[in-house]
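Peer 1: Here's a structure for you.
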Amino acid sequence: MEIISLLNNETESSSHQDQFAIDVLMALSSSPKSLSSKYFYDDVGSDLFQKITQHEDYYPTKTEFSILDQIKDELPELLNEKVIDIIELGAGDGHKTSLLLNGFLDADCEVNYYPIDISEQAMQQLGENMEGHANLHIKGVVAEYCRGLRYVRDHSKNKALVLFLGSNIGNFDRVQSQGFLRRIWQSMEPEDYVLIGFDLKKPVDVLVRAYNDSAGYTRDFNLNILQRINNELGANFQLDKFQHYGIYNPVLGAMESYLLSLESQTVYIEKLRHSFEFDAFEPLHLEYSFKYLESDIHYLSERTGYEVMKNFTDENHRFMNSLWRVSKG
Numbered sequence: 016m017e018i019i020s021l022l023n024n025e026t027e028s029s030s031h032q033d034q035f036a037i038d039v040l041m042a043l044s045s046s047p048k049s050l051s052s053k054y055f056y057d058d059v060g061s062d063l064f065q066k067i068t069q070h071e072d073y074y075p076t077k078t079e080f081s082i083l084d085q086i087k088d089e090l091p092e093l094l095n096e097k098v099i100d101i102i103e104l105g106a107g108d109g110h111k112t113s114l115l116l117n118g119f120l121d122a123d124c125e126v127n128y129y130p131i132d133i134s135e136q137a138m139q140q141l142g143e144n145m146e147g148h149a150n151l152h153i154k155g156v157v158a159e160y161c162r163g164l165r166y167v168r169d170h171s172k173n174k175a176l177v178l179f180l181g182s183n184i185g186n187f188d189r190v191q192s193q194g195f196l197r198r199i200w201q202s203m204e205p206e207d208y209v210l211i212g213f214d215l216k217k218p219v220d221v222l223v224r225a226y227n228d229s230a231g232y233t234r235d236f237n238l239n240i241l242q243r244i245n246n247e248l249g250a251n252f253q254l255d256k257f258q259h260y261g262i263y264n265p266v267l268g269a270m271e272s273y274l275l276s277l278e279s280q281t282v283y284i285e286k287l288r289h290s291f292e293f294d295a296f297e298p299l300h301l302e303y304s305f306k307y308l309e310s311d312i313h314y315l316s317e318r319t320g321y322e323v324m325k326n327f328t329d330e331n332h333r334f335m336n337s338l339w340r341v342s343k344g
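Heads up: the sequence shown at position 1 corresponds to 16 in the numbering used here, and the numbers run straight through without jumps.
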């Protein structure tokens, strides 16, 4: 597996850290305080997230796996391509993706697989998990999603299938999701495809249990963002002075994740040369995870330049993978 990093020079690394510092300054200066979930995924965060997805309380991963297993032979028939670029945004460990790749390979399709992830460690682990095949060519891209996608599309004009699995779309609110999908659309050609995973609305107890797993992986995952600020920006967060809290907001239709300050405290960040005050039990918002109805999925595709080809769901209607085609008139 070949890996190309678009973040591998000092100028890029410095720029990335500067942006991180600016985002933290703005987030902790806001009211209420918040941090962007895009900073969850350093190497430690990516490893913790893999543990979350494998835990019995967390249903989305295993449910989506079952859907992909059911459709792996149908997708190649629907797309009907002899050569295809499969581009994955946020590849993870490749466990689910291998099902789809094997489906195309079994249909005698030549597959160029481009996983895109911000974590180089995650990319290396992915390479170790992938099995070799004469018609499978893998080139990992270490980059943010949209930049990585532009790089791939600039270097290949094959028909493309972009994968955005795992309900990652739910991390964007309704406006942000439209902006994100429109940016993806701009990098794609007419009749290209996307396959997106959507977590569907369901009983609240199922949701709350999934985002407060009994092993504490979600807690550690959320606290790791503070450790990352300590490591990269020279902060002095004491992680044992914060508590993870996950709750469902029925008005927004989203799970919300917070860290609660357990006491009045002051945190200093060396990179910013600034101190931040936390009141006792003050919430620090980390993440939304929006849930969908099937009608929401159709509305979102229409608003962002796509046509729904087919929706795939599980027998309990907990999750949906939606196949879209790019429309450009």
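Here a beta-carbon is modelled for each residue, glycine too, at the ideal position from N, C-alpha and C. Bear in mind that the values here come from a model prediction, so they are computed numbers and not experimental data.
1. According to DSSP, is residue 132 part of a helix, a strand, or is it coil?
2. CB-CB under 7 Å to residue 319, same chain, minus the five flanking residues each way: which ones, in chain order?
3. According to DSSP, is residue 221 part of a helix, a strand, or is it coil?
4. Look at residue 61 and residue 137 and say whether their C-beta atoms are less than 8 Å apart.
5. According to DSSP, which residues form a beta bridge with residue 340?
6. Quick check on the DSSP output: the beta strand (DSSP E) that includes residue 89 runs from which residue to which?
7. Assuming residue 303 is part of the beta strand (DSSP E), what are its boundary residues?
8. At a Cβ threshold of 8 Å, is residue 120 touching chain B?
9. The ligand MG and residue 76: does any heavy atom of the ligand fall closer than 7 Å to the residue's C-beta?
10. For residue 252, which three-state DSSP category applies?
11. Quick test of your reading: residue 134 and residue 33, contact by CB under 8 Å. State the CB separation rounded to the nearest angstrom.
12. Assign residue 159 to one of three DSSP states: helix, strand, or coil.
13. Going along the chain, which residues of its own chain have a beta-carbon closer than 6 Å to the beta-carbon of residue 343, five neighbours each way excluded?
14. For residue 332, which residues from the same chain have a beta carbon less than 7 Å from its beta carbon, with the 5 sequence-adjacent residues on both sides left out?
15. Whose C-alpha, out of 231, 341, 293, 21, is nearest the C-alpha of residue 159?
Peer 2: Working from what's here:
1. strand
2. 193, 196, 197, 200
3. helix
4. yes
5. 208, 322
6. It is not in any beta strand (DSSP E) - residue 89 instead sits in the alpha helix (DSSP H) that spans 89-94.
7. 298-305
8. The displayed structure is made up of one protein chain only, and chain B is not part of it.
9. This structure simply doesn't include the ligand MG, nor any ligand for that matter.
10. coil
11. No, residue 134 and residue 33 are not in contact; Cβ-Cβ is about 19 Å, not under 8 Å.
12. coil
13. 205
14. 215
15. 21
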